[in-house]
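Since the structure comes first, as structure tokens, the remarks are kept for the end.
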Amino acid sequence: MLCLRQLPRCTHNLRIRVALSRQLSAKPAQTDELGIPLKPTWSVHAFLSSYPSPKIAPETLKKLYDLSALVPPKEGTEAHAKVTKELEEMIRLVEAVKLVNTDGVKVQAGLEGEDLDRKLYGNPEEQRALHGEQGRELLKHASWTVGEDYVVESDRTRGTSAN
4 MLCLRQLPRC THNLRIRVAL SRQLSAKPAQ TDELGIPLKP TWSVHAFLSS YPSPKIAPET
64 LKKLYDLSAL VPPKEGTEAH AKVTKELEEM IRLVEAVKLV NTDGVKVQAG LEGEDLDRKL
124 YGNPEEQRAL HGEQGRELLK HASWTVGEDY VVESDRTRGT SAN
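Count the sequence shown with this note's numbering and you get residues 4 to 166, in order.
Following this line, the structure appears as structure tokens:
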């Protein structure tokens, strides 16, 4: 389908090593007082420039549009060329990401925001264990409950409203 599958990956790895060695041997970037670089030290475009560019056949693009139930731009138009180029760049990025060696990488179970909340407000499971029964005690004041839930009567029924 795409010529990417036919390209030897060892050539790409060699290009990356050469590019990285050039970057590492370069003088250090200027930083502010906090050590943050004043200018970007690398870019996705620079990284991807070392990776071979895939080519998408017009038939492949048409098939993708058909599968998406969309009307493809006419072949030979500026819109067709733009969509093709953008899709080729996306495929290029995906193929480059697939080359990343993730051996030994541990996936973080939770999000950092959750961890920050735990530091500020405590562990929710522990809080429920300590204070959980306080909320349930309020159920005895409800006029109508189902299990451990309050039931609230309303003038409206589903789909209609009271006038």
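Ideal Cβ placement from N, Cα and C applies to all residues, glycine included.
Along the length of the segment 58 to 123, whole alpha helix (DSSP H) runs at least 4 residues long occupy 61 to 70, 81 to 101, reported in chain order. Three or more Cβ pairs closer than 8 Å define a contact, and the segment 71 to 85 falls short of that threshold against the segment 38 to 48. In this structure the segment 53 to 61 lies against the segment 95 to 102, because at least three pairs of beta carbons, one per stretch, are closer than 8 Å. Bridge pairing for Asp152: Val149 [DSSP]. Annotation: the continuous alpha helix (DSSP H) that includes Ala49 extends over 47 to 51. Note that the C-beta distance between Tyr68 and Pro61 is not below 8 Å. Excluding the 5 residues flanking it on each side, Tyr153 has same chain C-beta neighbours closer than 6 Å at Ala145, in chain order. Secondary structure at Pro43: coil, using DSSP grouped into helix, strand and coil.
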